[in-house]
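Numbering (full-length UniProt numbering), first residue to last: 1 to 386.
Glycine residues also receive a C-beta, built at the ideal position from the N, C-alpha and C atoms.
Being a predicted model, the structure only gives us computed values, none of them experimental.
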Amino acid sequence: MTELADPSKLLYKAVTYQTKATPLALTEESISLVKANGSYNVSADDILIEIHSAALNPVDMLWHRASNWMVGSNQKTLGRDYAGVVAKVGANLSGKYSVGDKVCGVITEDFGIGTVAQYLVLNPTKNPGIVKVPTDVKLSFNELAAWPLVLNTAYNMLELHGATKPVGSSSNILIIGGATACGQYLIQLAKVAYKVKTIVTVNSGSADDFVKLLGADYTIDYTKHKNIAGPVAKIVQDELGGEKFQFDELGGEKFQFVFDCVGNSDLFPEMDNILKSKKEGSAVVTIVGNKKADYNTTTFMNTVSLSLIKTVVKSKLGLGSFTYTISRSGPTAEWCKRAMGLFEEGKIKIIIDSTYSLEDFSKAVDRSTTNRARGKVIIEVKKDQV
Ligand SMILES: NC(=O)c1ccc[n+]([C@@H]2O[C@H](COP(=O)([O-])OP(=O)(O)OC[C@H]3O[C@@H](n4cnc5c(N)ncnc54)[C@H](OP(=O)(O)O)[C@@H]3O)[C@@H](O)[C@H]2O)c1
Numbered sequence: 001m002t003e004l005a006d007p008s009k010l011l012y013k014a015v016t017y018q019t020k021a022t023p024l025a026l027t028e029e030s031i032s033l034v035k036a037n038g039s040y041n042v043s044a045d046d047i048l049i050e051i052h053s054a055a056l057n058p059v060d061m062l063w064h065r066a067s068n069w070m071v072g073s074n075q076k077t078l079g080r081d082y083a084g085v086v087a088k089v090g091a092n093l094s095g096k097y098s099v100g101d102k103v104c105g106v107i108t109e110d111f112g113i114g115t116v117a118q119y120l121v122l123n124p125t126k127n128p129g130i131v132k133v134p135t136d137v138k139l140s141f142n143e144l145a146a147w148p149l150v151l152n153t154a155y156n157m158l159e160l161h162g163a164t165k166p167v168g169s170s171s172n173i174l175i176i177g178g179a180t181a182c183g184q185y186l187i188q189l190a191k192v193a194y195k196v197k198t199i200v201t202v203n204s205g206s207a208d209d210f211v212k213l214l215g216a217d218y219t220i221d222y223t224k225h226k227n228i229a230g231p232v233a234k235i236v237q238d239e240l241g242g243e244k245f246q247f248d249e250l251g252g253e254k255f256q257f258v259f260d261c262v263g264n265s266d267l268f269p270e271m272d273n274i275l276k277s278k279k280e281g282s283a284v285v286t287i288v289g290n291k292k293a294d295y296n297t298t299t300f301m302n303t304v305s306l307s308l309i310k311t312v313v314k315s316k317l318g319l320g321s322f323t324y325t326i327s328r329s330g331p332t333a334e335w336c337k338r339a340m341g342l343f344e345e346g347k348i349k350i351i352i353d354s355t356y357s358l359e360d361f362s363k364a365v366d367r368s369t370t371n372r373a374r375g376k377v378i379i380e381v382k383k384d385q386v
């Protein structure tokens, strides 16, 4: 850790902005340390993390665009996923963390701290998505930064879906956006941790082998169809129900869950032919809403439409023909630990699309917002990692 002549100030570089009107820039920042028991430290409830790697998510640019006068013009740092090493431990956390601990996770505080920075002061109570990496987990810092937000999002979709029955071995599931980073973990978790019956994914033809390698049983190439309702209904009829399948008699073979990582409403008029009834414990779960976002222009407000509000309200009142749940990432410490177990056992693959240096952060942002990344876009903050 480079400390300067003034030991109460730690200088570091970060990718920052103040409001949506200020572009992202690599700036020099400082952290004020407090003197206690003869040495300089962070506040009692914080830890200081030297970030080695950070990962970008398309939503990072939504936060930038959402930074209007209402959220203030304080300095904000880009990024939510991180992996690094604990450099200082606040007095109240001395039993829980030690200097030198390898940690990774996702921050949940909005409009302030961020992870595309050489240092991060983190309050683990306010940001519970943190895990100490066990010494026997042999993942690089880039890999450690590549999973927290998206894997936790996938896990929440599989757990907090609003249906009356859990995801399990009798579930046929449809994942719209199987090649998205969230979709990649949905496929893998559904296969290894929930042992679902059948996984059908919607992806481009170029991602076909990739999603099948992760665990998809059938795929639909969305680039070949204006509307995916037809091909999805055909898969239900031809593949999930077998030759003798008839919707009315054997509704049990329809999907129990539709997980949407893209923002789609094509299936809504056909839902009766695609999804089991509510009584049988079915649900449609989305992390985007019902229309696809362009991360170069979309704002949070654009993601909400009247039709989305109507579908959600109808579902909440029990009036809609299907359960429709909007899910969010919301990491728990327990789940972070469970994920570590799956990595350790080699059951889950971590997929990285591309890696950039801190100086090249704008290339990383461009890549993340293309909607073409296959896996995480990583910013290797610390050079010469070991
Ligand atoms: N609610 C939440 O808390 C939450 C959390 C995380 C993410 N999200 C949102 O979830 C979405 C996915 O995020 P992500 O980070 O997983 O995305 P991502 O990894 O950036 O997605 C890129 C992938 O999207 C696929 N894709 C593009 N257009 C598609 C389409 N029309 N149909 C199916 N697949 C398509 C591409 O694969 P192909 O080769 O198949 O085209 C590409 O590889 C984003 O909108 C993000 O903001 C929400």
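When the options are compared against residue i, the one with the closest alpha-carbon
i: S8; options: V15, A36, E28; result: A36
i: K347; options: L26, K191, G162; result: K191
i: F322; options: W69, S277, A145; result: S277
i: residue 390; options: A145, Y97, W63, L24; result: Nothing in the structure corresponds to residue 390, since the chain is present only between 1 and 386.
i: M271; options: A283, V262, C261, G263; result: A283
i: G168; options: I176, E159, I175; result: E159
i: G38; options: N57, A91, Y17; result: A91
i: V312; options: V89, W335, T19, N290; result: N290
i: L358; options: T223, H225, L56; result: L56
i: A181; options: A83, L151, P166; result: L151
i: A373; options: E380, I287, K20, I351; result: I351
i: Y97; options: F111, I49, L62; result: I49
i: L240; options: S170, I187, F141; result: S170
i: L120; options: P134, V133, G105; result: G105
i: L213; options: H225, I199, Y222, V288; result: I199
i: R80; options: D101, I130, R65; result: I130
i: P124; options: K197, S67, S94; result: S94
Simplified DSSP assignment, three categories, for residue i
i: Y17; result: strand
i: T311; result: helix
i: V196; result: coil
i: N57; result: coil
i: E29; result: strand
i: E50; result: strand
i: L189; result: helix
i: D208; result: helix
i: I326; result: strand
i: N273; result: helix
i: A283; result: strand
i: T180; result: coil
i: E345; result: coil
i: A373; result: coil
i: F332; result: Residue identity differs from the one stated: residue 332 is Thr in this sequence, not Phe. If DSSP states are grouped into helix, strand and coil, T332 belongs with coil.
i: A44; result: coil
i: A36; result: strand
i: F247; result: Because the pLDDT at F247 is just 45, under 50, the model does not fix this residue reliably, and the point stays unresolved.
i: L10; result: strand
i: D366; result: helix
i: T303; result: helix
Ligand 1 heavy atom lying under 7 Å from the CB of residue i
i: L151; result: no
i: A117; result: no
i: residue 417; result: Residue numbering for the chain in the displayed model covers 1 to 386; residue 417 lies beyond these limits and cannot be assessed.
i: residue 387; result: With the chain covering 1 to 386 only, the question about residue 387 has no answer from this structure.
i: A373; result: yes
i: T180; result: yes
i: A66; result: no
i: G215; result: no
i: V200; result: no
i: R80; result: no
i: I107; result: no
i: residue 429; result: Coverage of the chain is limited to positions 1 through 386, which leaves residue 429 absent and any answer about it impossible.
i: A364; result: no
i: R367; result: no
i: V378; result: The sequence shown places Ile at residue 378, rather than the Val named in the question. No, Cβ of I378 sits at least 7 Å from all heavy atoms of ligand 1.
i: A207; result: yes
i: P58; result: yes
i: V288; result: yes
i: R338; result: no
Buried versus exposed, by CB contacts within 10 Å (16 or more), residue i
i: E249; result: Below a pLDDT of 50, predicted positions are generally treated as unreliable, and E249, at 40, falls in that range; the measurement from the model is reported next regardless. Exposed, by the Cβ-count rule.
i: V99; result: exposed
i: N74; result: exposed
i: Q385; result: exposed
i: V34; result: exposed
i: W335; result: buried
i: L10; result: buried
i: S206; result: exposed
i: F141; result: buried
i: L317; result: exposed
i: L149; result: buried
Completely contained beta strand (DSSP E) runs for the region 212-236, where each covers 3 or more residues: 218-221
Ordered list of alpha helix (DSSP H) runs contained in the region 70-156, each at least 4 residues: 141-145
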